[in-house]
Structure formats: structure tokens, C-alpha cells
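There are 2 protein chains.
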Amino acid sequence: MTLEIFPLLGIGLVKPGDEVTDILEPALQPLQPEAGDVLVVTHKIISKAEGRVVTVEGDEEAFKRALVETEAVAIVRRRGNLVIAETKHGFICANAGVDRSNAVGGTMILLPEDPDRSAHRIRIRLQRSFGVDLPVIISDTFGRPWRRGLTDIAIGVSGLEAVLDLKGSTDWMGRELEVTEIAVADELASAADLVMGKSSGIPAALVRGYDGPRGEGRGRDLVRSPDEDLFR
Amino acid sequence: MTLEIFPLLGIGLVKPGDEVTDILEPALQPLQPEAGDVLVVTHKIISKAEGRVVTVEGDEEAFKRALVETEAVAIVRRRGNLVIAETKHGFICANAGVDRSNAVGGTMILLPEDPDRSAHRIRIRLQRSFGVDLPVIISDTFGRPWRRGLTDIAIGVSGLEAVLDLKGSTDWMGRELEVTEIAVADELASAADLVMGKSSGIPAALVRGYDGPRGEGRGRDLVRSPDEDLFR
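The listed protein sequences correspond, in order, to chains A and B. The first sequence begins at 776 in this note's numbering and counts up by one. The second sequence begins at 776 in this note's numbering and counts up by one.
This is the structure we're talking about:
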């Protein structure tokens, strides 16, 4: 299969109370969504539309520190101004997801309350509009231990398997695979980021030609349960 | 920009001593490589061609355990049969990169000695063949703390910036970005994995339309230096 990844162009400023599908639809229209497409949306516009935006009061740095503590259920590491925290969703990321980039001046953006529900809602509404079942991934930009640079990963998923389980599959030599779980939703989010960039104002992309299994995967499937995790 | 990702089809079994570019060229030919394309090759075929394959002696599990210790410069975590180790390249991954998947029976595959050098060598040879400077990424499949499933990442790079530095760039609102380093080579490796799969025998893909900066990035740029790393 060949994969094509299209940036969704012409999406303007999103404000609290906006209906995000009303904003995505005109950008999707020229691409004529078809069966097999996957829609990737950065969480920023979801958070804004859902009103997950707070107005800074007082000193910005102090306000941010307090906000991070509120959003975090656990602090994983701390060094100077850098806080790596676990969110209530189970994600472990910088500043518990609190971010100022692409926020209107004097505001900060939080993660969506329930990114899987947000993804599901977008999928259902777009299905009504386009008559096609488009799996939806909501992405964010996370760091990783040991490796420099950030990559986009999936925090919300609807309509496809987030983790591809190859258990029982064999490699090309007929030998059972040792690697059995592929985080395909994260790979799709990373792939989409390549056409979105960080400063270009493109908050969504359409992936065409991905032939992995549809299903009822969720972003939370990508969170490793603490008892399986050697790193906390 | 629109990104296209093509699997490289028809690549057969690779043996120690093979010239990997001789194997890649006929698979690239139908795609007519052009300026702007990026070639992603899984390390397995590089390791095989470079003879980084060892024959199992005695008990397979015991042999593997000993081999992992040899390949590792440090053990990061250990639980049962699972060893997370640092390789001499600075990568932190399961089994120090020792893998049996897609190995000929009775053998195990190691990481290339110097994946950046391997990438550079492929790039130079393909430039001679096609008259086009194709950046090359050598990929492997790594796990991550906290998240389920594995993703493909870049272990060797030639001809493009591995980490995109956005320092000083502004977001769409004119605000300086907080996130400044994007691991684009890892995102390209993940994107390429979506067309390769793990059991399909497709060991390479061509990415067309990536407009990120060319340059002299290396896979080692993606290794976070221990003094910047909160997680070791």
C-alpha cells in the first residue's frame, strides 16, 4: 500500500464554544474523505473548542506552576522549571499537558477532559456529514526519556486499533515475532505531524491508504499499566 | 505539502556480504527517486549485509542472554527475560538490539556497528546510481517507558536534520514556541513503518514530499546526553 498524508488547510482561529467539526468539514471537503482514511487532529483545537483554556492571573510563571500541580496526579520528575507529570488520563508528559504555544496571549491550554470521547464525537459527526466512517486520532507532542526531540503521539482514538497486536504472527522466515505490539496510532500521529509542523498553523491532517485494522481502540490503550512498566 | 510513502517491493533475502544498495536499487527504480525523497531502511537488512549476524551455539536462551550482555555497555532495567540495555551507540532498547525476528533459523541479528556510517554509505552509492541526493534513515523498532506498543525510530541518518530545531520560531499567535526540538527522523521512521509492517518482508520505504531541512544530521543526534536526561 502507499500512504498519502494531506495537511488540512484553511483552518482559522478556534474559540471556546466552537463546534470543531464545523471547522474541520470545509477543510476536509476538497479531499473528499473516503473509506480507509484516518483523520489526525492536534489536541490544541479540540481543547480550545471544548473550553479547556484558562486565563492567566498574576505572575505567569507562578500561575503556570500552580496550574501544572492542579492538572497533575503525580510528579514523575522535576528539574528547575521542567516538570514531568502524570495526568489524570495516565499520560506522562511535560507540565501535565499545560501549554502556552498556540494559546491566545494571557491564556494557557489544557489537555481535553477525555480525548477518546472527543475523538469519538468528531468521528460520529463527520460520519453524518460525509457518509464515511473516518477513524479519528487526537494528537499531542510529547518528549521521551533517553531520546532528544519530541514526537507527536495519540492521546485520543476512535475507530481503529491503537495498538496492533501481532501475537501469533510470524516473520518473513516463519518464525514467531518477538515484537508483538505496535503503537500504530502513535506512528500515525507522528506521520501526520510531518505535514503539520509546529509554527504553520495547520492543526489537522488526513492519512489516506492506511490498511491497519479498524476497531474500538482508544488513546488509553497506549498507556502502559503501572504494573507492566519498569520505569515508574 | 502532501507526503507520500511508498513501500519498496520485491526485496528478497539479504545475506552477509551482499551489497545492500544493489538490493535497494531495483526496488527504487520503479519509483524514480527525485529530489526531496527520503529513503527509510530497517536495520535488519543492513545488519545482515554487514555480517552483524551470529550463529547460536548451545542453548538458545542462554546464548541470547550472553549475547545481550556482550552488546550492552550498561543494563538499565531487568525483569525476568526482559533486559533494557544501553548499547555502545548510546541507544537504550530491549536486549541491546539483539533480535531473532527475521533472522535465519539458528542466528541472531545485532545492530549495525555504526548506523550513521551505514546510512551515509548507502546515500553516497545511491547518489551515484540515481543522480539524486536521497537522505537515508536506518530504522529500528524500540519500546518506550510509560506507553504500550513499539514504534520505529531512527538509529542512523545521513543527509537530513535528525532533530529539527525551532528555537526562536514563533507559533501561529506570534508567541515563541516552548517546544523547540522535533525528532523528525524518528517521525519519518514511524511513518515509514506504517507501510512496512513487521511480518510482510518489506524492509524499506520511500517518503516523498518531506520538506524539512537537509543537513548533516546523524542518528546519534537523537540520543539525549546523560546530563540532560532525567531518566537515567
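All residues carry an ideal CB built from backbone N, CA and C; glycine is no exception.
Does the beta carbon of residue i come closer than 7 Å to any beta carbon on chain A?
i              : result
M776 (chain B) : yes
D961 (chain B) : yes
P910 (chain B) : no
I977 (chain B) : no
L901 (chain B) : no
L814 (chain B) : no
F905 (chain B) : no
I798 (chain B) : no
I867 (chain B) : yes
A958 (chain B) : yes
V831 (chain B) : no
V843 (chain B) : no
R827 (chain B) : no
R993 (chain B) : no
R923 (chain B) : yes
Can you find a C-beta in chain B that's less than 7 Å from the C-beta of residue i?
i               : result
A926 (chain A)  : Reading the sequence as shown, one finds Thr at residue 926 (chain A) and not Ala. For T926 (chain A), the answer is yes, since a Cβ of chain B falls inside 7 Å of its Cβ.
A966 (chain A)  : yes
R840 (chain A)  : no
L981 (chain A)  : no
P890 (chain A)  : no
A849 (chain A)  : no
R919 (chain A)  : yes
I930 (chain A)  : no
V1009 (chain A) : With chain A running from 776 to 1007 in the structure shown, residue 1009 (chain A) is simply not present.
E809 (chain A)  : no
E779 (chain A)  : yes
V789 (chain A)  : no
V938 (chain A)  : yes
R721 (chain A)  : Residue 721 (chain A) lies beyond the stretch modelled for chain A, which goes from 776 to 1007, so this question has no answer here.
L1005 (chain A) : yes
G935 (chain A)  : For the sequence presented, residue 935 (chain A) should be read as Leu rather than Gly. Not one chain B Cβ lies under 7 Å of L935 (chain A).
L761 (chain A)  : Any question about residue 761 (chain A) goes unanswered here, given that chain A covers just 776 to 1007.
R989 (chain A)  : no
Go ahead and label residue i buried or exposed: buried means 16 or more other beta carbons lie within 10 angstroms of its beta carbon, across all protein chains shown.
i               : result
T817 (chain B)  : buried
S914 (chain B)  : buried
D1002 (chain A) : exposed
K823 (chain B)  : buried
L981 (chain B)  : buried
A960 (chain A)  : buried
D834 (chain B)  : exposed
G924 (chain A)  : buried
G787 (chain B)  : exposed
L901 (chain A)  : buried
L1005 (chain B) : exposed
R854 (chain A)  : exposed
E861 (chain A)  : buried
A802 (chain B)  : buried
D874 (chain A)  : buried
S893 (chain B)  : buried
E825 (chain A)  : buried
R1007 (chain A) : exposed
How close, in whole Å, do the beta carbons of residue i and residue j come, if the pair is a contact with beta carbons under 8 Å?
i              : j              : result
L963 (chain A) : V795 (chain A) : About 19 Å separates the two Cβ atoms, so there is no contact after all.
K819 (chain B) : N856 (chain B) : K819 (chain B) to N856 (chain B), Cβ: 21 Å. No contact.
L886 (chain A) : R827 (chain A) : 7 Å
I977 (chain B) : L784 (chain B) : 7 Å
P890 (chain A) : I930 (chain A) : 4 Å
L909 (chain A) : D812 (chain A) : 6 Å
L941 (chain A) : A966 (chain B) : Wrong, their Cβ atoms sit about 19 Å apart, outside the cutoff.
M971 (chain A) : P791 (chain A) : Actually they do not touch by this definition, with Cβ atoms about 22 Å apart.
G881 (chain B) : T830 (chain B) : 6 Å
T926 (chain A) : A837 (chain B) : Between A837 (chain B) and T926 (chain A) the Cβ distance is about 36 Å, and since that is not below 8 Å, they are no contact.
Heavy atom of the ligand HEM less than 6 Å from the Cβ of residue i, yes or no?
i              : result
D961 (chain B) : Of the ligands one can find in the structure shown there are none, so the ligand HEM has no counterpart to examine.
- Message: For the pair the stretch 843-857 of chain B and the stretch 894-906 of chain A, tell me if three or more CB-CB distances fall below 8 Å.
- Response: no
- Message: Could you tell me which whole alpha helix (DSSP H) segments of length 4 or greater appear in the stretch 787-850 of chain B?
- Response: 795-803, 818-824 and 835-846
- Entirely within the stretch 890-919 of chain B and at least 4 residues each: give me those alpha helix (DSSP H) ranges in chain order. 890-905
- Query: Which runs of the alpha helix (DSSP H) fall wholly inside the stretch 958-1006 of chain A and span at least 4 residues, in chain order?
  - Reply: 959-971
- Task: Answer yes if the stretch 927-947 of chain B comes into contact with the stretch 777-785 of chain B, meaning at least three C-beta pairs across the two stretches below 8 Å, and no otherwise.
- Result: no
- Three or more beta-carbon pairs under 8 Å between the stretch 826-846 of chain B and the stretch 793-810 of chain B, yes or no? no
- Message: Can you confirm whether the stretch 975-995 of chain A touches the stretch 918-927 of chain B when touching is taken to mean that 3 or more C-beta pairs between the two stretches lie within less than 8 Å?
- Response: no
- Item | Ranges of the beta strand (DSSP E) found wholly within the stretch 850-885 of chain A, counting only runs of at least 3 | 857-862, 867-869 and 882-884
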